[in-house]
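*Asks:* Protein chains in written order, with my numbering: chain A, 60 to 692; chain B, 68 to 586; chain C, 4 to 101.
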Amino acid sequence: MEPVEIIQHSGGVIGVAWLMIALPLLGAAILLLGGRRTDRWGHLLGVVMSLASFAVAVLAFVELLGMSGDQRRREIELFQFIPGMVDMGLLIDPLSIAFALLITGVGSLIHIYSIGYMSHDPGRRRFFSYLNLFVAAMLLLVLADNYVGLYIGWEGVGLASYLLIGFWQHKPSAATAAQKAFIVNRVGDFGLAIGVFLIWTTFGSVAYGPVFQVAGQAEQGVLTAIGLLLLLGACGKSAQLPLQSWLLDAMEGPTPVSALIHAATMVTAGVYLVVRSGAAFFPVGSTAALVVTVVGVATLLAGAIIGTAKDDIKKGLAGSTMSQIGYMMLGAGLGPVGYVFAIGHLITHGFFKANLFLGAGSIMHAMNDEVDMRKYGGLRKLLPVTFVTFFIGYLAIIGFPLLSGYFTKDGIIETAMHHSPVLGWLAVLGAGITGFYMSRMVFMTFFGQKRWAEDAHPHESPAVMTVPLIILSIGSIFLGGYLVLGNTLANWLAPAVGGPEEPIEFHFVTTPGIATLVLVAIGAAFAWMKYGRAEVPVVAPRGSFVTTFARRDLYGDAINESLLMRPGQWLTRLAVFFDNRGVDGVVNGIAAGIGGTSGRLRRIQTGFARSYALSILFGAAVVAGALLLVGNI
Amino acid sequence: MPWLSTLIAVPVVGAVAVALLPKGADKLAKQVALVVSLVVLALTLAVTIQFSPRGERFQYVETYDWIPSFGVHWGLAVDGIALVLIALSAVLVPVVILASWHDADGTGADNPPKRSVKTYFSLLLVLEAMMIGVFAATDIFLFYVFFEAMLIPMYFMIGSYGGVQRSYAAVKFLLYSLFGGLLMLVAVIALYGIAGRNTFMFPELVGVITDPTTQKWLFLGFFIAFAIKAPLWPFHTWLPDAAAQAPAGAAVLLVGVLDKVGTYGMLRFCLELFPDAAKFFTPLVLVLAVVGIVYGAIVAIGQTDMKRLIAYTSISHFGFIAMGVFAMTADSAAGATLYMVNHGFSTGVLFLVAGFLIYRRGSAYIADYGGVQKVAPLLAGAFLIAGLSGLSLPGLSSFVSEFMVLIGTFSSEAVAGINYAVFAIIATTGVILAAIYILWMYKRVAGGPTAESVAGMKDLNGREKWVVAPLIALIIGLGFYPKPLLDVINPAVDTTLANVSVTEHQAPVPVAEQKGAGE
Amino acid sequence: MTTHYLVLSALLFAIGAVGVLVRRNAIVVFMCVELMLNACNLAFVTFARQHGNLDGQLIAFFVMVVAAAEVVVGLAIIVTIFRTRRSASVDDANLLKY
């Protein structure tokens with residue numbers, strides 16, 4: 060089933076869908092321009108704007124539900140951005156509205172949570188303005204009806220991410236991490252930008268409608284090139300290999316940021332881009348789609364391996380995020396069936412990973428911002444709500460049967476198995492590792508001995524933080540089943556991304572499914588033996604070279620440093636030297652040359668009148684001689 | 068009413084008035100200068116509003132004989148391209164006057180000597196008149212006169228009010244520019260002689276020179292002058308010295324407007340007067356431009372002095388503008404023109420905010436700062452927004468122009484087997500480098516723990532807010548809605564390119580139609 | 004014939020020129036300059052006679068006037084220099100250089 064045609068739309072809630080973007084943007088503007096005057100109620104305004112945006116999204120969703128399937132892609136024109144090239148408009152279709160609901164819904168919960176989490180921070184108002192800015196940019200990214208609008212949102216979320224990672228600028232590590240995130244993302248943006256150029260030159264448009272309509276007629280090579288360039292952009296934003304290195308450092312930001320931006324929404328933008336362009340540039344079986352799946356599998360394994368060795372709870376979760384997005388990427392490279400599971404996993408992951416991150420935040424809140432899991436232990440009694448919700452998130456992510464992650468992740472694995480057993484089994488292996496590192500995290504944090512710092516007095520977080528946790532954990536339980544069983548999500552998305560030929564049937568008992576469960580169980584058991592039953596040393600043991608390999612993020616930073624940073628610094632120094640000595644040297648050299656020559660020439664002026672007289676006589680003789688000569692001829 | 072002559076006359080009269088004020092009346096001098104520049108801004112707005120983009124190409128035409136025996140006229144007129152650049156100058160001057168309020172007072176933290184305050188503001192107004200004149204001139208001789216006369220006030224502003232190495236920088240700036248100007252003078256006279264029309268009026272000289280070899284030589288005469296002015300790699304080394312030594316306000320006008328004369332001249336004179344030569348030299352110019360983009364960015368990363376760093380980023384940006392001009396597609400040339408305006412705003416605010424920092428700290432060395440964000444959040448915020456505009460963040464005005472230049476260059480047709488898309492791709496790496504030089508500078512200045520030397524640094528005061536706010540508002544406003552400017556620029560650019568016999572504004576042919584035509 | 008006058012003029016001029024080049028005393032140099040001027044005068048007058056018009060005579064008068072003026076200024080300078088520097092050698096007065 061092909062995606063349906065895009066219909067021009069006006070009126071109704073969808074007609075004012077731009078409010079979704081404008082409201083949080085307005086919130087950000089008020090908070091930033093208002094300055095200290097808004098300190099007292101700034102956070103509330105931020106929450107209200109986010110909730111209002113969510114309300115518009117829900118209403119638009121309801122309006123869309125009221126239409127028949129082939130009417131559900133609505134486009135609204137906003138204004139001419141670059142005359143003759145880009146008309147800015149919004150595309151409200153099942154895919155974009157699903158994202159909008161996730162962004163504003165989970166976003167609002169995280170806004171509410173942040174009221175509590177940031178209550179002692181003097182910069183809370185600024186924090187909420189950045190959060191609002193992020194929501195606006197992210198919505199522009201998913202709602203825009205053209206690649207330039209997407210690009211603007213794309214860099215807008217990059218900016219928000221930069222500001223929020225570096226929210227505690229006074230920490231050098233935070234400032235560095237923010238800068239790294241932005242620059243690595245820019246490498247991806249480089250690909251995305253050239254992809255957009257190529258789309259424009261090939262199709263004469265950057266709007267989704269016209270481009271997708273004629274995409275099939277372009278040359279295969281061009282299509283593959285566009286696909287790979289877009290993928291480079293997606294790799295940057297979604298922390299996929301080889302542009303993954305920024306995500307772990309990004310954990311320097313406040314925890315709600317990690318939950319919202321670096322787990323639930325922004326990092327999934329790459330998946331959105333691939334799925335959105337899927338039918339045109341990543342058709343099943345194409346080179347571009349193959350590369351997408353390979354990148355996905357490589358990252359899901361890399362992320363999982365990194366996750367096994369981290370003692371920092373947030374970095375462990377970050378590795379897990381990389382890995383889970385790897386699953387989504389894998390799904391996004393597998394055509395319509397894959398899209399359904401990729402988006403499904405994206406949504407459920409948005410819930411359970413936000414749940415886990417906010418849980419981690421709640422633990423840090425209780426433990427004086429300690430992030431080292433080796434200094435946790437035995438927290439389940441003291442933080443009951445956090446423990447229960449975290450545990451639900453944990454069960455969901457490892458794919459415990461009937462919880463959210465189970466349906467969506469198994470769906471991806473099965474679809475991958477269908478396409479290529481190699482990819483499928485690697486994905487199963489990844490699930491096993493997930494079972495290990497997530498169990499390790501839970502055991503180290505909530506079970507075993509207390510290994511706290513002396514001044515730690517753990518206490519449960521206030522309701523403003525625990526209620527969002529509870530809501531998210533409810534989503535982590537039921538959402539997957541709701542979306543996957545009965546083809547709810549598949550039918551919903553079909554008008555936007557195309558549907559599979561036959562309805563997808565979810566099989567509960569399959570070979571890969573059972574294999575996954577067995578591997579996860581083994582992983583969890585192994586984690587129990589090592590971290591649950593045995594005593595966990597407070598100082599990390601040296602570990603084997605595999606552990607070191609994982610701890611050092613698979614040497615990603617080391618590779619970047621030795622291959623890019625050092626030569627870059629060297630090149631910079633060389634260029635500065637060349638400019639000062641070479642280019643400017645030539646300029647100053649010419650000036651000095653002229654100066655020097657004239658300095659030497661003026662020595663002729665000796666001041667002796669008689670030598671001047673001699674030269675006059677000589678000159679006169681020459682003139683007279685010349686005249687004689689000319690006269691004779 | 069002779070609008071354009073008035074626009075030039077008002078600041079000149081104002082400059083004389085300011086210069087004639089009694090010696091102690093510094094405050095009055097500043098106020099008079101500010102009022103005069105605001106009057107010019109108001110007049111410019113009136114001109115802009117009455118301008119009809121789809122009407123005649125040149126509007127507000129004024130032609131008076133000046134030296135009849137040589138056919139030299141006082142010829143003024145504006146088209147869309149000149150108009151937006153005049154508007155840029157008119158906006159920047161009041162902002163610069165406001166920003167430079169204490170620059171000549173000798174009150175900065177680096178203890179500069181006190182110098183004549185009224186002379187400084189008088190020079191600023193003279194410079195404004197020259198800038199408006201150079202963009203409005205339609206007589207090539209008159210253009211040349213303004214082109215050279217512009218140097219004089221700037222020379223004094225750098226040479227008398229600049230930093231420690233001011234005289235070195237001022238002399239280098241003057242001699243380098245004069246050298247280029249003299250080459251242009253030779254070309255101007257040769258053009259006059261060879262054309263044999265007994266006139267210097269630009270519209271009458273378009274398309275007159277047809278001999279390819281003559282075109283090439285005359286093109287080079289003009290082009291080298293403009294390449295030095297712009298400046299294009301490798302003629303750029305005067306700019307970092309001049310911009311670093313000039314007071315911040317003068318640096319804004321130097322980089323924001325004066326240098327635009329170079330790129331404006333390429334678009335107006337090099338392309339239209341010598342179209343064949345321009346096409347002949349296009350590959351060479353594009354190579355220079357692309358080298359400048361990447362090279363300027365790399366050298367910028369390695370700078371230790373804030374103002375020098377900004378100057379090098381400008382060299383990179385001028386590479387983009389020159390690339391847009393010479394790629395000769397409607398999108399790239401319109402993008403380049405828009406870039407000239409946007410770059411004026413974004414570099415302007417970057418220099419000014421850097422100037423505020425330097426005024427407080429008394430040093431331009433990045434290493435002397437740290438943690439400014441903590442003590443002066445607004446100042447740091449303005450610095451960040453200015454920087455983000457410098458790295459062409461989408462949503463800020465410079466993005467639109469950079470995007471148009473790149474996409475226009477990317478989509479230009481392959482000429483003589485060279486596909487210009489390659490240049491666009493290499494130039495796009497500039498966006499990565501831009502992120503490095505801006506963010507790294509911001510991190511070192513504003514991030515990290517607060518350095519002892521910046522502790523107690525004051526945040527933006529009321530006057531400084533008024534300096535920064537309009538520019539940032541323009542940057543953001545034009546970033547989301549560039550249409551008003553593009554509507555003025557596009558027709559003028561189309562006419563220009565039509566004179567170079569390049570096809571007009573149109574989107575690439577969609578694949579479907581290509582197929583249809585083939586069947 | 005007028006050739007003899009021209010030869011005499013050339014000889015006088017040569018003597019004057021050599022004098023200017025080889026003598027150091029400013030007064031002598033000055034007199035040699037006068038000698039060269041008068042050699043020229045002789046040539047002018049000779050040519051006037053040769054061609055039968057008065058142009059040469061006319062110029063000769065001009066030269067005399069200029070020479071007289073020159074004597075006035077030149078001698079004054081020489082005397083002043085002699086007073087301040089106690090020397091009339093032209094080689095000693097070489098401050099005006101480079």
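Even glycine gets a Cβ: it sits at the ideal position worked out from N, Cα and C.
Treat the numbers as computed from the prediction; the structure is a model and nothing was measured.
Please report the Cβ distance between B:D172 and B:Y228, rounded to the nearest whole angstrom; I am assuming they are in contact, meaning their Cβ atoms lie under 8 Å.
*Replies:* Taking the second sequence and counting its residues from 1, one reaches residue 172 of chain B at position 105. Taking the second sequence and counting its residues from 1, one reaches residue 228 of chain B at position 161. With a Cβ gap of about 11 Å, B:D172 and B:Y228 do not count as contacting.
*Asks:* Counting Cβ pairs, one atom from each stretch, are 3 or more of them under 8 Å apart for the segment 454-464 of chain A and the segment 521-541 of chain A?
*Replies:* Touching, per the Cβ criterion.
*Asks:* If you count every other CB in all the chains shown that lies within 10 Å of the CB of A:H518, and 16 or more means buried, which is it?
*Replies:* Stepping through the first sequence from its first residue, residue 518 of chain A is reached at position 459. A:H518 comes out exposed.
*Asks:* With DSSP run on the structure shown, which of helix, strand or coil describes B:W168?
*Replies:* Counting from one through the second sequence, the residue named residue 168 of chain B turns up at place 101. Coil at B:W168, not helix or strand.
*Asks:* Would you say A:V635 and B:G369 are within 9 Å of each other, going by their C-beta atoms?
*Replies:* Taking the first residue of the first sequence as 1, we reach residue 635 of chain A at position 576. Taking the first residue of the second sequence as 1, we reach residue 369 of chain B at position 302. In this structure, B:G369 lies closer than 9 Å to A:V635 by Cβ.
*Asks:* What is the DSSP secondary structure of B:L463, counted as helix, strand or coil?
*Replies:* One-based indexing of the second sequence puts residue 463 of chain B at position 396. Residue state, collapsed to three classes: coil.
*Asks:* For chain A, find out if any of its Cβ atoms is closer than 9 Å to the Cβ of B:Y426; answer yes or no.
*Replies:* As a first step, residue 426 of chain B must be located in the second sequence, where it is residue number 359. Not closer than 9 Å to any Cβ of chain A, the Cβ of B:Y426 fails to qualify, so no.
*Asks:* Can you tell me the Cα-Cα spacing of A:G489 and A:G582, whole angstroms?
*Replies:* One-based indexing of the first sequence puts residue 489 of chain A at position 430. One-based indexing of the first sequence puts residue 582 of chain A at position 523. Each residue's Cα considered, the two are about 11 Å apart.
*Asks:* Please report the straight-line C-alpha distance between C:M34 and C:V10, rounded to a whole angstrom.
*Replies:* Residue 34 of chain C sits at position 31 when you count from the first residue of the third sequence. Residue 10 of chain C sits at position 7 when you count from the first residue of the third sequence. Taking the straight line joining both Cα atoms gives about 20 Å.
*Asks:* Indicate the three-state DSSP secondary structure (helix, strand or coil) for A:I41 in the structure shown.
*Replies:* Given a span of 60 to 692 for chain A in the structure shown, any question on residue 41 of chain A remains unanswerable.
*Asks:* So B:H140 is in the beta strand (DSSP E); what residue range does that whole segment cover?
*Replies:* The sequence position of residue 140 of chain B within the second sequence is 73, counting from 1. Its beta strand (DSSP E) spans residues 139-145.
*Asks:* Quick check: is the beta carbon of C:V23 nearer than 9 Å to any beta carbon in chain A?
*Replies:* To locate residue 23 of chain C, count along the third sequence from 1; it is residue 20. Yes, contact with chain A.
*Asks:* Taking only heavy atoms of the ligand PLP into account, decide whether any of them is closer than 8 Å to the Cβ of B:Y487.
*Replies:* In the structure shown, the ligand PLP is absent, as is every other ligand, since no ligand is present at all.
*Asks:* Please classify B:K278: is it buried, with 16 or more other beta-carbons within 10 angstroms of its beta-carbon, or exposed?
*Replies:* On the second sequence, position 211 is the one that residue 278 of chain B refers to. In the sequence under discussion, the amino acid at residue 278 of chain B is Asp, which differs from the Lys named in the question. Flag for B:D278 reads exposed.
*Asks:* Put C:A91 into one of helix, strand or coil per three-state DSSP.
*Replies:* Numbered from 1 along the third sequence, position 88 holds the residue referred to as residue 91 of chain C. In the structure shown, C:A91 sits in coil (DSSP, three-state: anything other than H, G, I, E or B).
*Asks:* Could you check the C-alpha separation between A:L548 and B:G529 for me, to the nearest Å?
*Replies:* Here residue 548 of chain A refers to the residue found at position 489 of the first sequence. Here residue 529 of chain B refers to the residue found at position 462 of the second sequence. Each residue's alpha carbon lies about 55 Å from the other.
*Asks:* Using CA atoms only, rank isn't needed, just tell me which of A:V689, A:P62, A:W551 is closest to A:F271.
*Replies:* For the purposes of this step, residue 271 of chain A is taken as residue 212 along the first sequence, with counting starting at 1. Checked all of A:V689, A:P62, A:W551; the closest Cα to A:F271 is A:P62.
*Asks:* In the DSSP output, which residue or residues are listed as bridge partners for A:A148?
*Replies:* Taking the first residue of the first sequence as position 1, residue 148 of chain A is located at position 89. At residue 148 of chain A the sequence reads Gly, which differs from the Ala that was named. Partner(s): A:E136.
*Asks:* Just to make sure I have the definition right: I need the residues of chain C whose C-beta is within less than 8 Å of the C-beta of A:L630. Which are they?
*Replies:* Position 571 of the first sequence, counted from the first residue, corresponds to residue 630 of chain A. Those do not exist, as A:L630 stays about 47 Å from chain C at its closest Cβ, beyond 8 Å.
*Asks:* Count the other CB atoms, across all protein chains shown, that sit within 10 Å of the CB of A:P83; report buried if there are 16 or more and exposed otherwise.
*Replies:* The sequence position of residue 83 of chain A within the first sequence is 24, counting from 1. Result: buried.
*Asks:* Just checking: is the beta-carbon of A:T235 within a distance shorter than 9 Å of some beta-carbon in chain C?
*Replies:* For the purposes of this step, residue 235 of chain A is taken as residue 176 along the first sequence, with counting starting at 1. So, not an interface residue.
*Asks:* Give the DSSP-derived three-state secondary structure of B:E129 in the structure shown.
*Replies:* Along the second sequence, one-based indexing puts residue 129 of chain B at 62. The answer is strand: DSSP assigns B:E129 an E or B state.
*Asks:* By how many angstroms is the C-alpha of C:L45 removed from the C-alpha of C:V61?
*Replies:* Within the third sequence, the letter at position 58 stands for residue 61 of chain C. Within the third sequence, the letter at position 42 stands for residue 45 of chain C. Note that residue 61 of chain C corresponds to Leu in the displayed sequence, not to Val. When rounded, the distance between both Cα atoms is 12 Å.
*Asks:* In the segment 306-375 of chain A, which residue ranges form an unbroken alpha helix (DSSP H) of at least 4 residues, counting only runs that do not cross its ends?
*Replies:* 314-318, 328-335, 337-340, 346-368, all fully within the segment 306-375 of chain A.
*Asks:* Got a sec, what are the start and stop residues for the alpha helix (DSSP H) A:R185 sits in?
*Replies:* Translated into positions along the first sequence, residue 185 of chain A becomes position 126. That run of the alpha helix (DSSP H) goes 183-202.
*Asks:* Count Cβ pairs between the segment 178-187 of chain A and the segment 89-105 of chain A that sit closer than 8 Å; are there 3 or more?
*Replies:* Contact holds: three or more Cβ-Cβ distances are below 8 Å.
*Asks:* Might you give, ordered along the chain, the residues of its own chain that have their beta carbon closer than 7 Å to the beta carbon of A:G452, omitting 5 neighbours on each side?
*Replies:* Locating residue 452 of chain A in the first sequence gives position 393, where the first residue counts as 1. The residues are F411, N414, L415, G418, S532, S535.
*Asks:* So for B:A297, helix, strand or coil by DSSP?
*Replies:* Counting from 1 along the second sequence, the entry for residue 297 of chain B is found at position 230. Looking at B:A297 - three-state DSSP - the assignment turns out to be coil, as it is neither helix nor strand.
*Asks:* Quick one: does A:P62 have its CB under 9 Å from some CB of chain B?
*Replies:* Within the first sequence, the letter at position 3 stands for residue 62 of chain A. A:P62 does not count as touching chain B.
*Asks:* Would you list, in sequence order, the uninterrupted alpha helix (DSSP H) runs of no fewer than 4 residues that lie entirely inside the segment 492-567 of chain A?
*Replies:* 522-543, 547-556, all fully within the segment 492-567 of chain A.
*Asks:* Under 7 Å Cβ to Cβ from B:A84, same chain only, skipping five residues before and after it: list those, please.
*Replies:* Translated into the one-based positions of the second sequence, residue 84 of chain B becomes position 17. Taken in chain order, the residues that qualify are V99.
*Asks:* Can you find a CB in chain B that lies within less than 9 Å of the CB of A:R131?
*Replies:* Position 72 of the first sequence, counted from the start, is the residue given in the question as residue 131 of chain A. It does not: the Cβ of A:R131 has no partner Cβ on chain B nearer than 9 Å.
*Asks:* Whose CA, out of B:L376, B:W300, B:L87, lies closest to the CA of B:R511?
*Replies:* As a first step, residue 511 of chain B is located in the second sequence; it is residue number 444 there, counting from the start. That would be B:L376, whose Cα lies nearest to the Cα of B:R511.
*Asks:* What is the C-beta distance between A:V273 and A:F262, in whole angstroms, given that I count them as a contact (C-beta under 8 Å)?
*Replies:* Taking the first sequence and counting its residues from 1, the one referred to as residue 273 of chain A is at position 214. Taking the first sequence and counting its residues from 1, the one referred to as residue 262 of chain A is at position 203. About 6 Å; that satisfies the 8 Å criterion.
*Asks:* Could you pull out every unbroken alpha helix (DSSP H) segment of at least 4 residues lying fully inside the segment 576-658 of chain A, listed in chain order?
*Replies:* Complete alpha helix (DSSP H) runs here, min 4: 604-610, 615-619, 625-636.
*Asks:* Tell me, which residues are paired with B:Y432 by DSSP?
*Replies:* Working through the second sequence from its first residue, we reach residue 432 of chain B at position 365. Note: B:Y432 sits in a beta bridge opposite B:D372.
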